[in-house]
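Just so you know, the protein sequences line up as chains Y and A, in that order. Going by this note's numbering, the first residue of the first sequence is number 1, and it counts up by one from there. Going by this note's numbering, the first residue of the second sequence is number 1, and it counts up by one from there. Even glycine gets a Cβ: it sits at the ideal position worked out from N, Cα and C.
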Amino acid sequence: MGRTSHMSDVVIRVENLYKEYRLGTIGQGYLFRDIQSGWAKIRGTKDPNARIGSVNREQLNSTNARFCALKEVSFDVRQGEVVGIIGRNGAGKSTLLKIISRVTAPTSGTIKIKGRVASLLEVGTGFHPELTGRENIFLNGAILGMHKGEIEQKFDEIVRFAEIDKFIDTPVKRYSSGMYVRLAFAVAAHLEPEILVVDEVLAVGDVAFQKKCLGKMEEVAKEGRTVLFVSHNMTAVKALCSRGIVIEDGQIIFDGDTSKAVDFYLGSKRLSEDRSIPVAERKREHGCSLRAKIVDITVISDGQRNPKIIDPFKPLIIQMKVESGIDLRCAAEIRISDEMQSICLFDSGYIHGQDIFVKPGMNIIECRINPLKLYSGNYLIYCGLVIHGTEVIDRVENAYSFSIDECDPNKTGFNIQKGGNGFFYVDHEWKCP
Amino acid sequence: MEIRSRSGWFDIDLSELWRYRDLIFLFVRRDFVAYYKQTVLGPLWFLLQPLFTTVVFTIIFSRVAQIPTDGLPPFLFYMSGTVAWTYFASCMTQTSNTFITNAAIFGKVYFPRLVVPISVVISNLIAFAIQFGLFLAFMCYFYLTGSDIHPNIWLLLVPVLLIQMAALGLGMGIVISSLTTKYRDLTFALGFGVQLWMYATPIVYPLSQIPAQWQWLFALNPMTAIIETFRYAFLGSGAIQPWVLGVSFAMTILILVIGIVLFSRVEKTFMDTI
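Okay, here's the thing in structure tokens:
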């Protein structure tokens, strides 16, 4: 690809890009311990810092402890294209943008770029709380690569765009968070780079401001400049981009028309499900009596069957297809956990006295769940059939995986991530009574 | 422009660094403004710090320990050493955490990473100028009250000494900052190391007090020649030999080059390890 297009209008040419990360830290992070381990090796004694039961460090540092964030990524971007880059969390999108904006270097492969790249990886970089708005405009502008003259020329426009005229000589530590973000974005937006890289910036600021940002991006695109846009907001991607690139597991799996790319992305779960082993044929743990068997699992959300991405504010239906040779009274169980296997939710029919009656032949057992309001992240579903206290009939671990890409209950621009924040959003209100 | 994996040993683009000179000066300004806005006494600290150190040294090393000062007024002897040493030491310690303290910025935008340590060295020049002014004032006072001091032609070498201290501080600082991305405990060792290095440099004692068979060892310390020359130029007493100055100069260049090589290797991928 790319060879046929003329280099004259190609502004970014990515060729055979690889990015490898070593898993874990290199060495142990402490000179003292490295010397200690080295000394132990010389004397032939046991490494005092080796983890009990762990593999030898040499082995750990070899190929199997590497993680390939990008593999064989090649594409061209022409002058004036607005490219949406979509993919799940951890697919490699951000790594790609980081390499393009030179924050980190690729392991191998090259990128040829014509013109200045401005990344809005995160706005407000280098703002110092003690400095005034004016001082920060100059400092931040220079960090982003603007010359002094250039900043002076655009100064008034930046202040107007940020709507902070009155506070321009106030230290930014006294700004409200809204003002701060507005000022930060205003500087970045006036950079006028040939290539603009935007990653999730729209996640900051209020709705009115988001509109302004989208407007600015559109303006930049109309001026014939190139934009790379990474977002989980499919509506914004469809509205703004002329081309979509879907990345999965560090590889480009789709490159083309935006709406086709979005459909491909949203539907790609089904593809990967087809590839994997059907639920019926998966290996079961010991102890399952298998008097009845779960042969399929279907997840329905927002009218879609087996979606890869689930809207946390829509009800969820989990269907188990159970094949049985006999009449059986049992309880069905589900468990939702995150990819680290922390349990977020567990429910079993016996807790509520809601036993089900399985009949010979095929049965559909359905669990309807009110909106889960789970925070963004990747989740796994487990399904099982049990007779409480006496028998495990069937159990399927990791029966289904899904992810939540956006959890922004109040549309404030915060995409709440699971982890430090817990798992679920619960309706609540702040007041001064 | 082309982005590729890290390559070469001396991968520093000087013309690019020059294009970012505005940023260097904005960082200098930021450091200075932020520093004096956050302290009660503001720039007065720059004066108090060497003054206190000098007074303490005078009492302990001159009065109590009775270490000779080459016939110079002890106060001036210690102050000249302290002022020069402070510049070098603060350049080194403040550039030594470049990667760790700037991880947030470096993780988001690209600009030549060397901009940060260079701006630190320049910011410290402001503090040095203030402290140097204080030293000159005391020197004039002692001179006019008839003390035995002789400023001489070696004064012409002072700007060179200053550049050399900046280069040495920068070199050491970026060596350490490159290593701290891998070894965090070096940060703790540094504070201790600086202290030791100071006592290994003729600051609280004159070089003439060192037995002849150990002089070569002191010559290996690049700061020895700098401090002795600095003191000799202003006060006219000391035991400096040109070859020691030559060794010091060569060591400085060596350390700076090692620093830049290490720095350029680390700067491209340190974001993956931090």
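Contact with chain A by residue i, beta-carbon distance below 7 angstroms
i: G178 (chain Y); result: no
i: L70 (chain Y); result: no
i: Q417 (chain Y); result: no
i: K112 (chain Y); result: yes
i: A105 (chain Y); result: yes
i: R329 (chain Y); result: no
i: H190 (chain Y); result: no
i: S37 (chain Y); result: no
i: I310 (chain Y); result: no
i: K373 (chain Y); result: no
i: L139 (chain Y); result: yes
i: R13 (chain Y); result: no
i: T170 (chain Y); result: no
i: T412 (chain Y); result: no
Residue i - DSSP class collapsed to helix/strand/coil
i: N363 (chain Y); result: strand
i: Y183 (chain A); result: coil
i: L257 (chain Y); result: According to the sequence displayed, residue 257 (chain Y) carries Asp and not Leu. Of the three classes helix, strand and coil, the one that applies to D257 (chain Y) here is coil, per DSSP.
i: T54 (chain A); result: helix
i: P242 (chain A); result: helix
i: F423 (chain Y); result: coil
i: L156 (chain A); result: helix
i: Q66 (chain A); result: coil
i: P206 (chain A); result: coil
i: C330 (chain Y); result: strand
i: D394 (chain Y); result: strand
i: I260 (chain A); result: helix
i: V117 (chain Y); result: strand
Terminal residues of the beta strand (DSSP E) in which residue i lies
i: E15 (chain Y); result: V10 to R22
i: V82 (chain Y); result: V82 to I86
i: L136 (chain A); result: Per DSSP, L136 (chain A) belongs to no beta strand (DSSP E); it is in the alpha helix (DSSP H), V115 to L144.
i: R78 (chain Y); result: R66 to R78
i: V386 (chain Y); result: G377 to I387
i: R243 (chain Y); result: R243 to E248
i: Q319 (chain Y); result: L316 to S324
i: A292 (chain Y); result: A292 to S301
The alpha helix (DSSP H) enclosing residue i, as first and last residue numbers
i: L17 (chain A); result: L14 to R19
i: V103 (chain Y); result: It is not in any alpha helix (DSSP H) - V103 (chain Y) carries neither H nor E in the DSSP assignment.
i: S177 (chain Y); result: S177 to A189
i: I309 (chain A); result: Since the first residue of chain A shown is 1 and the last is 274, residue 309 (chain A) is not available in this structure.
i: L240 (chain Y); result: M234 to L240
Minimum Cβ-Cβ distance from residue i to chain Y less than 7 angstroms
i: R30 (chain A); result: yes
i: M271 (chain A); result: yes
i: M1 (chain A); result: yes
i: Y110 (chain A); result: yes
i: L17 (chain A); result: no
i: F4 (chain A); result: Reading off the sequence shown, one finds Arg at residue 4 (chain A), where the question assumed Phe. Cβ-Cβ to chain Y under 7 angstroms: yes for R4 (chain A).
i: A34 (chain A); result: yes
i: L134 (chain A); result: no
i: L51 (chain A); result: no
i: D13 (chain A); result: no
i: L256 (chain A); result: no
i: D284 (chain A); result: Residue 284 (chain A) lies beyond the range of chain A shown here (1 to 274); nothing can be said about it.
i: A23 (chain A); result: In the sequence on display, residue 23 (chain A) carries Leu and not Ala. Yes, its Cβ sits closer than 7 angstroms to a Cβ of chain Y.
i: L125 (chain A); result: no
i: L41 (chain A); result: no
i: L26 (chain A); result: yes
For residue j and residue i, believed in contact at Cβ under 8 angstroms, the rounded distance
i: M165 (chain A); j: Y87 (chain A); result: 6 angstroms
i: T258 (chain Y); j: R282 (chain Y); result: Between R282 (chain Y) and T258 (chain Y) the Cβ distance is about 36 angstroms, and since that is not below 8 angstroms, they are no contact.
i: M271 (chain A); j: I113 (chain Y); result: Actually they do not touch by this definition, with Cβ atoms about 19 angstroms apart.
i: K293 (chain Y); j: D355 (chain Y); result: Rounded, the Cβ-Cβ distance is 18 angstroms, inconsistent with contact.
i: K418 (chain Y); j: G377 (chain Y); result: 4 angstroms
i: I317 (chain Y); j: R368 (chain Y); result: 5 angstroms
i: V121 (chain A); j: L170 (chain A); result: 5 angstroms
i: L97 (chain Y); j: L17 (chain Y); result: Not confirmed; about 12 angstroms, so no contact.
i: L125 (chain A); j: P50 (chain A); result: About 15 angstroms; that fails the 8 angstroms criterion.
i: Q319 (chain Y); j: G224 (chain Y); result: Actually they are not in contact, since the Cβ atoms of Q319 (chain Y) and G224 (chain Y) sit about 50 angstroms apart, beyond 8 angstroms.
i: S101 (chain Y); j: S74 (chain Y); result: So it is not a contact: roughly 18 angstroms between Cβ atoms.
Check: residue i C-beta below 6 angstroms from any heavy atom of the ligand PLP
i: V73 (chain Y); result: As presented, the structure is devoid of all ligands, the ligand PLP included, so that no description of it is given.
Open item on the list: Under 8 angstroms, CB to CB, which of the residues in the region 89 to 110 of chain A have a partner in chain Y?
Closed with: Against chain Y - using a Cβ distance shorter than 8 angstroms - the residues of the region 89 to 110 of chain A are A104, I105, F106, G107, K108, V109 and Y110.
TODO: Check distances from the C-beta atoms of the region 238 to 262 of chain A to those of chain Y and list, in chain order, the residues that come in under 8 angstroms.
DONE: Contacts with chain Y (Cβ-Cβ distance below 8 angstroms) from the region 238 to 262 of chain A involve no residue at all.
Task: the region 131 to 158 of chain Y: positions lying closer than 8 angstroms to chain A by Cβ - done: Residues of the region 131 to 158 of chain Y with a C-beta less than 8 angstroms from any C-beta of chain A: L131, E135, F138, L139, A142, I143, L144, G145, H147 and K148, listed in chain order.
TODO: Anything in the region 83 to 100 of chain Y with a Cβ closer than 8 angstroms to a Cβ of chain A? List those residues in chain order, please.
DONE: Going along the region 83 to 100 of chain Y in chain order, one finds K98, I99 and I100 with a Cβ nearer than 8 angstroms to chain A.
TODO: Could you name the residues of the region 341 to 367 of chain Y whose beta carbon sits closer than 8 angstroms to any beta carbon of chain A, in the order they occur along the chain?
DONE: Per Cβ criterion, the list is empty.
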